[in-house]
Amino acid sequence: MRLYPIAFLAVLAACFGAQTLALRMAGGRTVKSESNYFSSIARLQTGNREDARILMLGSSMTARLADRTKPIPGIVNLGCDGGSAVITLRAIDRGDLKAAPLVIVEANMLAFELEHRGKEIAESIGSDWFKLGTRIPNLSATARPTAFAYSKLLARNNTTASGSLPIDTKPHRLESAPVPELDPAASALVDELAGILKRLEERGSKVILLVLPPGIEPGTVQGDLPAVLAKRSGVLWWDLTEGLPKDAVGFTDGLHLDTESAGKVLSHVLYGVEGM
Amino acid sequence: MLFNSLPFLVLLAVTLPLYYLPLPARWSRVWQVLLLLGASAVFYAWEEPRLLILLGFSCVMNAVLVERIIHHQRDPQGAPAAKRWMIGGVIANLALLAFFKYAGILLGLLPHGVVPPEAVKWVKSIPLPIGISFYTFHALSLLIDVHRRHVSEETRERLGLQGAGRVSSMKDLSLYIIFFPQLVAGPIVKAKNFIDQIREKLWRDINWVQVRRYLITGYFLKIYVADNLAEQTAMLTIGPKALAETAPVQLMALLYGYGFQIFADFAGYSLIAIGLGIMFGYRLPENFDFPYLSRSITEFWRRWHLSLSAWLRDYLYIPLGGNRKGSGRTYLNLFLVMFLGGLWHGAEWKFALWGTLHGVFLAVERFLTRRRGKLEDQPASPLHAIAGWVYTFHAVTLLWLTFLMPDMASIGAFFKGLASAKLSIPGQPLFALAMYGGPVIAYHAWGWIKEHRPLSAARWQHPLVEASLHAMMVFLVLTNPGAPRGFIYFQF
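Top line first, the protein sequences correspond to chains A and B.
Taking this note's numbering, I'd label the letters of the first sequence as residues 1193 to 1468.
Taking this note's numbering, I'd label the letters of the second sequence as residues 18 to 509.
Take a look at the structure:
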C-alpha cells in the first residue's frame, strides 16, 4: 500500500531533477520546440527573465535569427511564430514584458495583426500560467521535455552569428518621401503602434524598425504599413534589403533565412547597432 | 466546463468532501443525489446558463413519460397505452434532437419560398446545445428500458411514484440524465445499468487504485497526447491549394497523428469520466478496448466507442431485426445503423459519408466472413493478422478525414498531395508524431500483450512499475501540456 506513493513521489522528483539538470546544461533555455506556439511562449518567458541590452521583436522571421544561432548574452529574441511584433509591443506597453535600452522591431510582418495572427500567443501573455512559467523555470515552455529533444536535433546545425551583408546602409530616419494611403484598419493600427513606440522612447528605449530579407513589397499593406509607421513615429528605420544582392542570403522556404544567412544577418545587425 | 480547467478542479474539490459528509443514513442518499444534481448543473451551465432550460425540460418531460409508462403497466390491460407513451416519448426526444441538430440543414433543402428565409436563418443561428446527442440517448434508453422492464422492481416502484413521490423519482431520473462525468460526451450509460446504482455511497468504498489509474491515464492522453497533436494536425486544414502541394510523407504523418489524436482525446475523456464516476460511487462502462489493434472494421466497432455501439445494437440494430432476417436484411441493417450513427455526429455530408462507408465495410466484411466461416473461429496466421491490421488502421484513419476536412475539395487535395512525387521528409511533424503518437502506440502494444501474453502482462502489473509510469505521465502533463482545447466529441 505504501509502495505506490513512495515510488510515485520518488520518480516524480527524479523527473524534475533530470529536467533541472538538463535546463542548467542548456544554459537555462531550449532553442525551439516542435510546437510553434510553445516555442514563442518559451522565448517570451525566458526572455522576460533576463535584463536585455537589445530586444528583438517580430515574427518567426525574427525568431529564426535566434533558432539557428548560438545565444549571445544580453541579446533577447522575442520572435512570435505565426504572430508579429505587435503582440510583444503591446505586452511591453502594458508592462507584461520588460523593455530594453535598444528595441529592434521587425517591420516585415506587422500587417499580420490586421488578420489577428498569433492571438492565442497574445492571450497567453499575462495569464497566470504564463507568469507561473516565467517564475518557475521547470514549468515554463522552455523546459518542455520535447523541447529539449527537438532543440538537440536542431542544434547540430546551428551556427555562430558571424559575417556581414554586402550593404553599407545604417539605421536612419525616413524623412521627406510621400506617405502612402492606408485603409482605416491599417491606419488605426499605425496610430496605436506609433503611440506605443513613442512611450517606449520616452521611457528611455531606442527603437529601430528593421526590414529583414526577403523584404517587403511597396504598394501592399504589408509593405506600406511599416514605412508609414516609421514616418509617423519618427523612429529609426533600417531596410536590410536596400542594395542587397539577390544571392547574398538564402532561404529555407522563400521566407525564413537558412542557417548561414541567419548568422550573417544577425551579426550584421548587431555590428550596425553597436554603440547605440 | 472542461475537465482540464481550474473551475472544474475547484468544483470537484468542493463537491467531493460535501458528498461524503457523514449524515444519518436516511438523509445521506437524498443529499448525495441533490448535491450531484447541483454540481452537474454548474458543470453544464458554466459557459452558458441558458442551456439548463432545455436540459431541465428534458428531465421533466422524461420523468413524466416514465411515470405514465409505469402507471399503465400496472394495469393488466394497460400494455398498449404504455407502449404508446413509450413511442410518443421516443418521438418527442428525437424531435428535440432533430430540431437542434438537423432542422437548419433540412429547412435549407426545402424549395425556396416554402419557409421564409428569415425563419431558416433564425433556425440555423441557434447554437447546438452541448451534449444533446448524449443526453437524448440517455433519455431514450430510459424510456425503452423502463418499458421493457429492464430496471429492477424496486427502481420501477421508485420511478413510478405519484404525488409527492414524483419529486423523488424526478431526482433519480435527472441524475441519470445529467450526471456530470458522462453528461456531455459519454460514455453512454444504459438506464438499467445506472439507475439501480443510485443509493447511499460511502467514502470507504471508493476504489482509489482504479480512480488514479483512470484519471492519470485519461488526463495524460488528453493533455499530453491529444492537445499536443492538435497543433500539428491543424496543418491538415490549411486549404486545398496548400494541401495539394504538401509532401506525401508529411500528409500521412499528419493523418496518423489525427488518428492518434482523436483516439487520445475521446478515450482520454472517457477514462476521466469513468474515474470521476468511481469517485462518486458510480460505475460507468468502458468505452474503448485498444481499437487500433483491430484486424477488421467489424472488430474495430467492438473496440471503439463501445457504449455507442452497444446502444445502437440494443435499441436500433436488434429492433430492426439484427441478423435474424436473412443475410440481405442483415447487410441492410448494418448499413442503416452505421449511416444513422454517422448522422448522429452531425447533419453534414461528411458524417453521412463516414457512416455510409463504415456501413459498406461492415456489410462487405460480413458477406466475406459468411463465405469463409466466422473470423473468430479461424486462428489468423501472423501474415493474415498483420495484413488485417494494416488494412483496418488505414481504412479507419483515412475515414477520419471526413471528420477533419471541411469540404470535399480538401479531401481531394489530400489525395492529390499523396499522389505527388515530392520526397521531402518534414522533421517537425514526424518528430511530433514520434513524441505524442508514441504513447498511443505503447498503449496499444500493452493491450496486445494483455490479450496475447497475459502471464507476461501480469508480471508487469506491479505497484512499483505502475507508480513509476504514473509519475512520468504526471510529470509530462505538468511540464509538456498542449495548448488547452475542448474535447473533440463536445461538438456532437
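Backbone N, C-alpha and C fix where the C-beta goes; we use that ideal spot for every residue, glycine too.
Around the C-beta of A/Asn1146, are 16 or more other C-beta atoms found within 10 angstroms, so that it is buried, or is it exposed? Past the edges of chain A, shown from 1193 to 1468, lies residue 1146 of chain A, and the structure says nothing about it.
*asked:* Suppose you measure from the CA of A/Gly1411 to the CA of A/Ala1314; what does that come to, to the nearest Å?
replied: Distance between the alpha carbons of A/Gly1411 and A/Ala1314: 28 Å.
Exercise. Quick one: which unbroken alpha helix (DSSP H) runs of 4-plus residues sit fully inside the segment 1389-1459 of chain A? Chain order, please.
Key: Whole alpha helix (DSSP H) segments, 4+ residues: 1413-1425.
Taking 8 Å as the CB-CB cut-off, is A/Glu1315 touching chain B? Not an interface residue.
message = Run through chain B and tell me which residues come within less than 9 Å of A/Gln1211, C-beta to C-beta.
response = Result: Phe492 and Thr496.
Proximal residues, the segment 237-269 of chain B versus chain A, C-beta separation under 9 Å: Answer in chain order: Asn245, Glu248 and Gln249.
Can you name the residues of chain A whose CB is closer than 9 Å to the CB of B/Ala488? For the C-beta of B/Ala488, the chain A residues within less than 9 Å are, from N- to C-terminus, Ala1199, Phe1200, Leu1201, Ala1202, Val1203, Leu1204, Ala1205, Ala1206 and Cys1207.
**A/Thr1351 - partner residues in DSSP beta bridges** = When DSSP reads this structure, A/Thr1351 sits in a beta bridge with A/Thr1261.
(request) Give a yes or no on whether 8 Å exceeds the smallest Cβ distance from A/Leu1401 to chain B. (result) Cβ-Cβ to chain B under 8 Å: no for A/Leu1401.
Worksheet item: Nearest to B/Asp424 by CA position, among B/Gln214, B/Lys367, B/Pro399 and B/Gly464, is which residue?
Response: The candidate whose alpha carbon is nearest that of B/Asp424 is B/Lys367.
- Return the residues of the segment 445-459 of chain B that lie within a Cβ-Cβ distance of less than 7 Å from chain A, sorted by chain order. Taking 7 Å as the Cβ-Cβ cut-off, the segment 445-459 of chain B approaches chain A at Gln445, Phe448, Ala449 and Met452, given in chain order.
Look up B/His322 in the DSSP assignment and say whether it is helix, strand or coil.
Coil, per DSSP.
Alpha helix (DSSP H) segment containing A/Ile1182, residue limits: For chain A, the structure presents residues 1193 to 1468; residue 1182 of chain A sits outside this window and is missing.
Worksheet item: Do A/Leu1402 and A/Ile1296 have their C-beta atoms within less than 8 Å of each other?
Response: Cβ distance < 8 Å, so A/Leu1402 and A/Ile1296 count as in contact.
Closest by C-alpha distance to A/Cys1207, when choosing among B/Ala488, B/Pro498 and B/Gly499: That would be B/Ala488, whose Cα lies nearest to the Cα of A/Cys1207.
**Message:** I want to verify the contact list: residues of chain A whose CB lies under 8 Å from the CB of B/Pro480, in sequence order.
**Reply:** Within 8 Å Cβ-Cβ: Leu1195, Tyr1196 and Ala1199.
Inset, instruction - Would you kindly work out how many angstroms separate the C-alpha atoms of B/Pro308 and A/Thr1222, rounded to a whole number? - result: Taking the CA atoms as reference points, B/Pro308 sits about 36 Å from A/Thr1222.
Original post:
Which of helix, strand or coil does DSSP assign to A/Glu1298?
Top reply: In the structure shown, A/Glu1298 falls within a strand segment according to DSSP collapsed to helix, strand and coil.
- Query: Does the segment 154-166 of chain B come close enough to the segment 317-333 of chain B to have 3 or more Cβ pairs within less than 8 Å?
  - Reply: Judged by Cβ distances under 8 Å, the segment 154-166 of chain B makes contact with the segment 317-333 of chain B, as three or more pairs qualify.
Open item on the list: With H, G and I counted as helix, E and B as strand and the rest as coil, what does DSSP make of B/Ile240?
Closed with: Per DSSP, reduced to three states, the secondary structure at B/Ile240 is helical.
Original post:
Using a Cβ cut-off of 7 Å, which residues of the segment 413-443 of chain B contact any Cβ in chain A, in chain order?
Top reply: Cβ contacts with chain A: none found.
Endpoints, the alpha helix (DSSP H) within which A/Leu1249 is located: Counting along the chain, A/Leu1249 falls outside any alpha helix (DSSP H), though it belongs to the beta strand (DSSP E) covering Ile1246 to Gly1250.
For B/Ala500, which residues in chain A fall below 7 Å Cβ to Cβ?
-> Per Cβ cutoff of 7 Å: Tyr1229 and Glu1312.
query = How about A/Ala1422 and A/Trp1429: are their beta carbons less than 8 Å apart?
reply = In this structure, A/Trp1429 lies closer than 8 Å to A/Ala1422 by Cβ.
Contact list for B/Ala156 against chain A, beta-carbon separation under 7 Å: Residues of chain A passing the Cβ test: none, with the nearest at roughly 37 Å.
*Exposed unless 16 or more other CB atoms sit within 10 angstroms - verdict on A/Ile1198*: Flag for A/Ile1198 reads exposed.
- Let me know the alpha helix (DSSP H) ranges lying completely inside the segment 194-253 of chain B, each 4 residues or longer, listed in chain order. Those alpha helix (DSSP H) runs which fall completely within the segment 194-253 of chain B and span 4+ residues are 197-200, 208-211, 225-236 and 244-250.
Inset, instruction - From the DSSP output, read off the bridge partner residues of A/His1364. - result: Looking at the DSSP assignment, A/His1364 forms a beta bridge with A/Trp1429.
Please report the straight-line C-alpha distance between A/Ile1388 and A/Ala1291, rounded to a whole angstrom.
So the alpha carbons of these two residues sit roughly 12 Å apart.
- Message: Residues of the segment 39-62 of chain B in Cβ contact with chain D at a cutoff of 8 Å, in chain order, please.
- Response: Of the protein chains in the structure, A and B, none is chain D.
Going by the CB atoms, is the gap between B/Tyr119 and B/Ala438 shorter than 8 Å? Cβ distance not < 8 Å, so B/Ala438 and B/Tyr119 don't count as in contact.
Query raised in the report: By DSSP, does B/Lys439 sit in helix, in strand, or in coil?
Result: In this structure, DSSP gives B/Lys439 a state outside helix and strand, which the three-state scheme calls coil.
_Unbroken alpha helix (DSSP H) run spanning B/Val407, endpoints_ = Judged by DSSP secondary structure, B/Val407 falls within the alpha helix (DSSP H) whose first and last residues are Pro399 to Leu416.
### Query
Can you tell me where the alpha helix (DSSP H) with B/Gly444 in it begins and where it stops?
Per DSSP, B/Gly444 is one residue of the alpha helix (DSSP H) stretching across Gly444 to Ala449.
task = Check whether the segment 264-278 of chain B touches the segment 231-241 of chain B, counting contact only when three or more Cβ pairs, one atom from each stretch, lie closer than 8 Å.
result = Here the segment 264-278 of chain B makes no contact with the segment 231-241 of chain B; the two share fewer than three CB pairs at distances below 8 Å.
Legend entry - Reduced DSSP secondary structure (H/G/I, E/B, other) of B/Gln278: B/Gln278: helix per DSSP, three-state reduction.
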